[in-house]
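Residue numbering for the sequence shown follows the UniProt record's numbering, beginning at 1 and increasing consecutively.
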Amino acid sequence: MKDKKANIIVGILIMYILFGLFPGVKINYVSPIKFSILKFMDYLIKNFFYLWKVKLLASIAFVFISHAIKKNKLKKYNIKNK
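Here it is as structure tokens:
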């Protein structure tokens, strides 16, 4: 059971990061910082917190849907889940 919880948490984190990089939910943001590295970091932080509730819900839903699909496929082909 502990392994499944860790897999779910890692899956949610990965999906949240991917949704943060998805162009459909990016913001048009102009950073007040002039240095390029700090400007990029400022943009990245602002983008990951923009619509964070929607991204988090989508990530959780995606992880549970993919887990259900995996479970059904394993059941269909009689493969034991390790």
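All C-beta atoms, glycine included, are put in the ideal place defined by N, C-alpha and C. The model shown is predicted, which means the values in this text are computed figures rather than measured ones.
Residue range 36-49 is occupied by the alpha helix (DSSP H) that includes residue 49.
Here residue 23 carries a helix assignment [DSSP, helix/strand/coil].
Residue 58 holds the alpha-carbon nearest to the alpha-carbon of residue 22 among 38, 33, 58, 39. Residue 53 and residue 78 have their C-alpha atoms spaced approximately 37 Å apart.
In the three-state reduction of the DSSP assignment, residue 78 falls in the coil class, being assigned neither a helical nor a strand state. CA-CA distance, residue 20 to residue 7, rounds to 20 Å.
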